[in-house]
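First comes the structure, then the notes that go with it.
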Amino acid sequence: MRLPSPRSSFVALALALALLAAPAPALAAPPKADPPPALRLAIQRATLDNGLRVVMNVDHASNAVALAVTYDVGARDEAPGEGGFVRLFEHLLFGATKHLAAGEFESLVAARGGFVTAKSTVDRAAYSMIVPENELALGLWLEAQRMRGVDLQQAAIDADGKALAIVDHVPYGKTVVRLRALAFEGCPAYAHGTSGADLARADLAAVRAFHAAHFGPNTAVLGISGDFDPDMAMSLVHRHFDDIARIQAKPFAEPAVPEQTAERREVVEDALARATALSYGFVMPKLGTREHDALRFAQVILGDGEGSRLVARLVRADALAMEARAEVDARFGRGPGLFRVEVRLAQNAAVPEVEKRVDAALKELADAPPTEAETIRARKRLEAAFVLGLASNRNRAVELGKHELWNGDARAIGRELERLATVTPSDVQKAAVQYLTTKRRTVIETRPKPASAGNVAAVAEGSR
Numbered sequence: 060m061r062l063p064s065p066r067s068s069f070v071a072l073a074l075a076l077a078l079l080a081a082p083a084p085a086l087a088a089p090p091k092a093d094p095p096p097a098l099r100l101a102i103q104r105a106t107l108d109n110g111l112r113v114v115m116n117v118d119h120a121s122n123a124v125a126l127a128v129t130y131d132v133g134a135r136d137e138a139p140g141e142g143g144f145v146r147l148f149e150h151l152l153f154g155a156t157k158h159l160a161a162g163e164f165e166s167l168v169a170a171r172g173g174f175v176t177a178k179s180t181v182d183r184a185a186y187s188m189i190v191p192e193n194e195l196a197l198g199l200w201l202e203a204q205r206m207r208g209v210d211l212q213q214a215a216i217d218a219d220g221k222a223l224a225i226v227d228h229v230p231y232g233k234t235v236v237r238l239r240a241l242a243f244e245g246c247p248a249y250a251h252g253t254s255g256a257d258l259a260r261a262d263l264a265a266v267r268a269f270h271a272a273h274f275g276p277n278t279a280v281l282g283i284s285g286d287f288d289p290d291m292a293m294s295l296v297h298r299h300f301d302d303i304a305r306i307q308a309k310p311f312a313e314p315a316v317p318e319q320t321a322e323r324r325e326v327v328e329d330a331l332a333r334a335t336a337l338s339y340g341f342v343m344p345k346l347g348t349r350e351h352d353a354l355r356f357a358q359v360i361l362g363d364g365e366g367s368r369l370v371a372r373l374v375r376a377d378a379l380a381m382e383a384r385a386e387v388d389a390r391f392g393r394g395p396g397l398f399r400v401e402v403r404l405a406q407n408a409a410v411p412e413v414e415k416r417v418d419a420a421l422k423e424l425a426d427a428p429p430t431e432a433e434t435i436r437a438r439k440r441l442e443a444a445f446v447l448g449l450a451s452n453r454n455r456a457v458e459l460g461k462h463e464l465w466n467g468d469a470r471a472i473g474r475e476l477e478r479l480a481t482v483t484p485s486d487v488q489k490a491a492v493q494y495l496t497t498k499r500r501t502v503i504e505t506r507p508k509p510a511s512a513g514n515v516a517a518v519a520e521g522s523r
């Protein structure tokens with residue numbers, strides 16, 4: 060397998076490492092934040108008559124080109140009985156088409172030293188590939204073939220659905236499902252995530268109808284990044300995509316999330332869990348809002364790395380937890396997301412004591428703004444993660460597609476660094492006061508339980 064040249068990735072990597080490795084400010088002087096790194100991406104945009112949006116980023120330092128087709132469809136679009144359909148299409152869209160046999164899409168790419176990936180979330184489905192720069196024509200032809208339509212058959216749906224319906228067969232998988240379901244209670248679009256709850260009984264007619272409603276040129280963005288000639292690329296795009304018909308698609312309408320006014324709790328027993336765990340979920344504002352950015356700082360300060368408060372206290376100082384982390388999933392969705400705190404308890408730790416420590420950490424952030432040093436550390440980690448996320452041509456093609464889809468203009472990608480540079484300690488405290496409260500949280504306690512013979516058999520089957 061031939062990977063892209065490291066030259067363009069090295070520039071981004073060096074910048075990210077510089078952000079992380081910058082020396083800590085001297086104690087004798089107040090810490091000062093460095094200016095945000097400049098993002099310079101040459102971006103060209105076009106829209107075909109059938110609605111397909113094209114975003115291009117030329118990088119001649121690479122020796123490869125990445126293609127990413129991002130569709131405006133996600134788990135939010137799955138009706139009752141369709142749970143897991145978007146994940147199912149991660150597999151089905153590599154199937155047979157009018158001019159391709161089953162499996163030929165991947166084999167043609169692999170034979171030329173490339174590779175393919177697919178990833179879906181609650182708000183998008185992205186299909187990407189990397190090929191040598193001289194195989195751009197092949198890549199565009201392949202993407203056009205599957206956009207024209209794939210041969211959906213019940214046998215493939217059954218086989219792929221069985222492989223994907225494994226949410227109960229991974230450690231803490233039930234917890235992930237239940238946390239989202241409880242946190243987004245009253246908002247079906249975001250309550251079920253991408254779990255494959257209904258894949259074991261997926262019906263061919265329903266799968267075909269879902270495909271017809273959501274996968275078309277006017278619901279897609281084609282991202283191209285790497286070493287290529289943009290004029291030649293657009294000529295190929297017109298040749299292969301111009302005559303693909305639009306579909307009848309509903310415009311995106313952000314689902315309403317009812318306000319949570321009281322804590323929600325549940326206990327989950329998990330035969331695959333090896334330790335008791337506490338999982339907290341707080342519904343948070345969508346990407347692009349000031350509150351969202353401030354909560355990302357709170358996530359780093361609370362539970363991202365050795366220097367974070369929960370890791371320093373629960374794991375290192377008090378040995379009450381084997382692992383503690385905070386995460387934000389709203390970066391991967393178009394609407395509201397979840398701010399999560401996850402703690403895996405040490406063997407002899409008591410749940411009430413750990414809860415008390417987590418509560419104290421959340422209250423501390425609401426009672427007083429973080430220190431300037433904590434804020435600078437958070438900003439550097441967020442900036443480094445952002446830059447590293449754009450280091451590869453593939454990631455760049457996917458991210459440009461996401462921003463074109465969600466913001467209407469891929470050039471909005473540069474605003475993220477600008478927004479992060481303006482977040483203050485006061486912003487972080489205000490966000491904690493507003494969103495990280497007891498009445499707005501959902502808590503799942505996961506308890507290990509002995510695995511039954513049936514569970515063991517199911518796990519073995521799901522892992523094949």
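Residue numbers (my numbering): 60 to 523. All C-beta atoms, glycine included, are put in the ideal place defined by N, C-alpha and C.
Taking the C-beta atoms as reference points, Y339 is found nearer than 8 Å to V400. If you draw a 10 Å sphere on the C-beta of N116, you find 16 or more other C-beta atoms in it, and that means buried.
Per DSSP, Y231 lies in no beta strand (DSSP E) segment and is marked neither H nor E.
Taking a 10 Å sphere around the C-beta of E442, we find 16 or more other C-beta atoms and assign the residue as buried. Relative to Q319, the option among A240, G142, Q103 and L111 whose CA is nearest is A240. Note on the region 143–207: whole alpha helix (DSSP H) runs with a minimum of 4 residues are 144–151, 163–170 and 195–207, in chain order. By the Cβ rule, the region 345–360 counts as touching the region 482–502, because three or more pairs are nearer than 8 Å. The beta carbon of E328 lies closer than 6 Å to those of R506 and K508 in the same chain, with the five residues before and after it left out. Within the same chain, no Cβ atom closer than 8 Å to the Cβ of D290 is found once the five residues on either side in sequence are excluded. Bounds of the alpha helix (DSSP H) holding G220 are Q213 to L223. The DSSP-derived three-state label of A450 is coil. R305 and A279 have their C-alpha atoms spaced approximately 10 Å apart. According to DSSP, residue pairing for R112 in a beta bridge involves T106 and V280. Between the alpha carbons of K309 and K233 lies a gap of roughly 32 Å. A residue is called buried once 16 or more other Cβ atoms fall within 10 Å of its Cβ, and D257 is buried on that count. Residue pairing by DSSP places R323 opposite T501 in a beta bridge. Distances from the CA of K345 to each of A215, R393 and G467 were compared; the closest alpha carbon is that of R393. Boundaries of the alpha helix (DSSP H) harbouring F269: L263 to H273, taken from the DSSP string.
The residue among G133, K157, D210 and L295 with its C-alpha nearest the C-alpha of G255 is G133. Only buried fits D286, as 16 or more other CB atoms lie within 10 angstroms of its CB. Only residues of its own chain outside the window of five on either side were considered, and among them N454 and E458 have a CB closer than 8 Å to the CB of G448, listed in chain order. For the region 302–365, the continuous beta strand (DSSP E) assignments of 3+ residues that do not extend past its boundaries occur at 323–329 and 336–343, in sequence order.
Apart from the 5 residues on each side of it in sequence, P484 sits with its Cβ closer than 6 Å to the Cβ of P428, P429 and T434 in its chain, given in chain order. Under the three-state reduction of DSSP output, L479 falls in the helix class. In terms of Cβ geometry, L369 and A408 do not form a close pair [threshold 8 Å].
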